[in-house]
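Participant: Read top to bottom, the protein sequences are chains A and B.
Position 172 of the first sequence, counting from 1, maps to 172 under UniProt numbering, and the rest follow consecutively.
Position 183 of the second sequence, counting from 1, maps to 183 under UniProt numbering, and the rest follow consecutively.
Beta carbons: idealized from backbone N, C-alpha and C, even for Gly.
Structure below; questions to follow.
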Amino acid sequence: MWNRLLRILFYIVVVGYACLTLGPFLWSIYTTFKTTPDINRLWVPLSDLTIANYVHIILSDQYPFARWFLNSIVVAVIVTVGNLVFNSMAGYALARIDFPGRTVLFVTILAVMMVPGQVILVPMYILLSNLDWINSYAGLTVPFLVQSFGIFLMRQFFLSVPRELEEAAFLDGLSRWGTFWRIVMPLAKPALAAQTIFIFMGNWNSFMWPNLLASTDDMYTLPVGLNTLYGEYDAFWNSILAGAMFMTVPVIIVFILFQRHFIKGISTTGIK
Amino acid sequence: MDMDHPRKPQPAPLSRMQPPSPGKKTRWTSDPVMGYLFTLPVIASLSVFLIGPILYAFYLSFQQFTFLNPDLSQFVGWDNYMRLLQDERFHTALKNTSFYSLGVVPVQVSIALLLALIVNSRIRGKTFFRVAYFLPTVTSTVAVSVMFLFLFKRDGLVNALLSFFGVEGRSWMLDIDFALPSIMLMAVWTTVGQFMVIYLAGLQDIPSDLYEAAEVDGAGPFRQFWHITLPLLKPTTFFIVVMSIIGTFQVFDQMYVISKGEGGPLDSTLTVVLYLYNVAFKDFEMGYASAIAFFLFAVILVLTLVQRRFFGEETRM
């Protein structure tokens, strides 16, 4: 009797919370198919729904939405690739190669992980404006090509890889560089996958920096553009939410596809 | 270490290959040139875009500096830090941020634990629920803010649902008393999934024979939770609480989007980082902004050190 009641209660909580997390998404998606006069009507019959908002947001003359989408993709891809290459190289050296200053470097990397990003907001802005990189792709990508957390993650991973394989390759005459690319990197696929998801999503969703660095609307990334859409066209919730779906749905698809890596990546790196 | 590896290079198998030069073994591990080449991009990037700026920010925090006219900058000693003590708007921002943190952290941690217990149990459709619970975490803060603005507006869904229960609706995000609590609700909704996953990892580290033994001793699910799960999750909980406090102290995006950068209505959603941002890029008082940044750094540093101490060796070399 008690067990049965508990079980019912359990499933009420399980399903209830899923409704809470999915509800806002579903309601927003529903709204993106409504015409403007219908936005605030709770129930709109299926026959009155339209895809006009999606067409409008992509083709609009008022704002370059397609460009924002492209900017987001370009910036996120460049930053992700840079991080995968540079963080792995450094992580490998810190795990495997003895060189003077290695410990100092590693301790420095650990130390800067504690510094919140907001501390460098002002100096970075000054630096980038001296380099004339404000409102440019260089400004949106170059400072973010390396991430201390990613280096730390890769180092931990390489420490767990058995050394014998590399030793054999090395004795066979493969250079350090060759060993790294042909032996070590292929082994690192799980760590690279987790890092890809992390960095791509972090950059895709990032707001504070692009909002500061992009000053004309042709350089906006999606979050920055979406924020100005809400600021300027408040009444057109159907279009604004369609924009929000454009930046959410690709992430959701990637997330569902890589769900296993993603959760594993978070759980291992979260603890460490 | 070497004892565990009986297949460490022995002279015999090596003879088949190139005659090993005496320096071979050391060249394999010790290779300064390669070490520097591999770490060069990282050293360059971290020095230029992180360490340099950190040091410069520290220097700036003792200057009166405006970006608009750098030549007028002057050394003012501890003035910027002293100013923090008297700045009413900074106090409001700090009060709002602390209130936000105190409200969000406990709720977030309890819900995360509850959800982790749920998705770790034998329920049907486990993957579906994991994805559903985690979805808000992967969504951009800006997209989430826009969605919640829509849900919480005067004629939005939340008020429509509340009217079923006879509760009078309001413009939640424009109300002095409700704007910050509404954002707190949103913050819990967005970030719980991330902590749920960390708890999930913690739960899976608990050896199952402990539960088996407890079952043999006749302990029911509640006593098992109280005497095994909760104590063994203590380090995880501590980690999550610290991460949650650090995260809440850095909150910015949501407030910026919802209050259109102002922290309104009447500073009710002004947080430390939003204030810092406005001081730096609206008032252009960049020295003072840097002092605010170092205040924030001090808070986070203390929390991180406390947490590192708790975790001990795990993050050491």
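(1) Just checking: is the beta-carbon of A:M219 within a distance shorter than 7 angstroms of some beta-carbon in chain B?
(2) Can you list the residues of chain A that B:F32 reaches, using a CB-CB cut of under 7 angstroms?
(3) Shorter than 7 angstroms from the beta carbon of B:L174 to some beta carbon of chain A?
(4) Let me check you understand the geometry: is the CB of A:E166 closer than 6 angstroms to at least one non-hydrogen atom of the ligand MG?
(5) List, in order along the chain, the chain A residues whose C-beta lies closer than 7 angstroms to that of B:Y56?
(6) Excluding the five sequence neighbours on either side, which residues of its own chain have a C-beta within less than 6 angstroms of the C-beta of A:F144, listed in chain order?
(7) Using the Cβ count rule (16 or more neighbours within 10 Å means buried), how would you classify A:A66?
(8) Using a Cβ-Cβ distance under 7 angstroms, would B:A293 count as near chain A?
(9) When you compare the region 69-78 of chain B with the region 205-223 of chain B, are there three or more beta-carbon pairs, one atom per stretch, that lie closer than 8 angstroms?
(10) Check the DSSP bridge columns for B:S268 and list the partner residues they point to.
(11) Chain A partners of B:F67, CB-CB under 7 angstroms?
(12) Using a Cβ-Cβ distance cut-off of 7 angstroms, determine whether A:P210 contacts chain B.
(13) Drop a sphere of 10 angstroms on the beta-carbon of A:L5, count the other beta-carbons inside from all chains shown, and report buried for 16 or more, exposed for fewer.
(14) Can you grab the Cα-Cα spacing for the pair B:P207 / B:F195, in whole Å?
(15) Between B:V158 and B:I183, what straight-line distance do the alpha-carbon atoms span, to the nearest angstrom?
(16) Output, in chain order, the set of chain B residues within a Cβ distance shorter than 9 angstroms of A:S25.
(17) Considering just the uninterrupted stretch of the alpha helix (DSSP H) at A:N71, what are its terminal residues?
(18) With DSSP collapsed to three states, give me the class of B:F178.
(19) Do we get a CB-CB distance below 7 angstroms when we pair B:L296 with the residues of chain D?
(20) Does DSSP put B:F75 in a helix, a strand or coil?
(21) Keeping to the same chain, check which residues put their C-beta closer than 7 angstroms to that of A:R7; ignore five residues upstream and five downstream.
(22) In or out: B:Y288 buried (at least 16 other Cβ within 10 Å) or exposed?
(23) In angstroms, rounded to a whole number, what distance separates the CA positions of B:P22 and A:W177?
(24) Grab me the residues of B:F65's own chain with a C-beta within less than 7 angstroms of its C-beta, minus the 5 sequence neighbours each way, in chain order.
(25) Checking contacts by CB at 7 angstroms: is B:K95 closer than that to chain A?
(26) With DSSP as the reference, label B:E285 as helix, strand or coil.
(27) Can you check whether the C-beta of B:K126 is within less than 7 angstroms of a C-beta belonging to chain A?
(28) For B:K25, which three-state DSSP category applies?
(29) Counting contacts by CB-CB distance shorter than 7 angstroms, is B:I245 in contact with chain A?
(30) Within its chain, find whatever has a CB closer than 7 angstroms to the CB of A:L212; leave out the 5 residues flanking it on each side and keep chain order.
(31) Would you say B:M255 lies against chain A (beta-carbon separation less than 7 angstroms)?
(32) DSSP on A:S47, reduced to helix/strand/coil?
(33) Would you call the region 39-59 of chain B and the region 116-131 of chain A touching, i.e. three or more CB-CB distances under 8 angstroms?
(34) Near B:W189, which residues of its chain fall below 6 angstroms by C-beta distance, leaving aside the five closest residues on each side in sequence?
(35) Which bits of chain B does A:I29 rub up against, with CB to CB less than 7 angstroms?
(36) In chain A, which residues lie with their C-beta within 9 angstroms of the C-beta of B:T304?
Facilitator: This is what the structure gives:
(1) Not closer than 7 angstroms to any Cβ of chain B, the Cβ of A:M219 fails to qualify, so no.
(2) It should be pointed out that residue 32 of chain B corresponds to Pro in this sequence rather than to Phe. Result: F99, P100.
(3) no
(4) This structure does not include the ligand MG; it has no bound ligands of any sort.
(5) P123
(6) Taking C-beta separations shorter than 6 angstroms and ignoring five residues to either side along the sequence, the partners of A:F144 in its chain run V79, following chain order.
(7) exposed
(8) yes
(9) Touching, no, given that fewer than three Cβ pairs across the two stretches are closer than 8 angstroms.
(10) B:S268 is not bridged to any residue.
(11) I126
(12) No, A:P210 does not count as interfacial toward chain B.
(13) exposed
(14) 21 angstroms
(15) 14 angstroms
(16) Rather than Ser, the amino acid found at residue 25 of chain A in this sequence is Phe. Residues of chain B passing the Cβ test: L135, P136, T139, M147.
(17) 65-96 is the extent of the alpha helix (DSSP H) around A:N71.
(18) coil
(19) Protein chains in the displayed structure are A and B, and chain D is not among them.
(20) strand
(21) none
(22) buried
(23) The predicted position of B:P22 is uncertain, since its pLDDT is 46 and thus under 50; a value taken from the coordinates is nonetheless stated next. In a straight line, the C-alpha of B:P22 is about 22 angstroms away from that of A:W177.
(24) S73, M286, G287
(25) no
(26) strand
(27) Not closer than 7 angstroms to any Cβ of chain A, the Cβ of B:K126 fails to qualify, so no.
(28) For B:K25, the predicted structure reports a pLDDT of 49, less than 50, and the residue's modelled location is therefore unreliable. The matter cannot be settled from this model.
(29) Judged by the 7 angstroms Cβ criterion, B:I245 is not in contact with chain A.
(30) Same-chain partners within the cutoff: Y125.
(31) no
(32) helix
(33) yes
(34) P136
(35) The premise fails here: A:I29 is roughly 10 angstroms from chain B at the closest Cβ pair, so nothing lies under 7 angstroms.
(36) M113, M114
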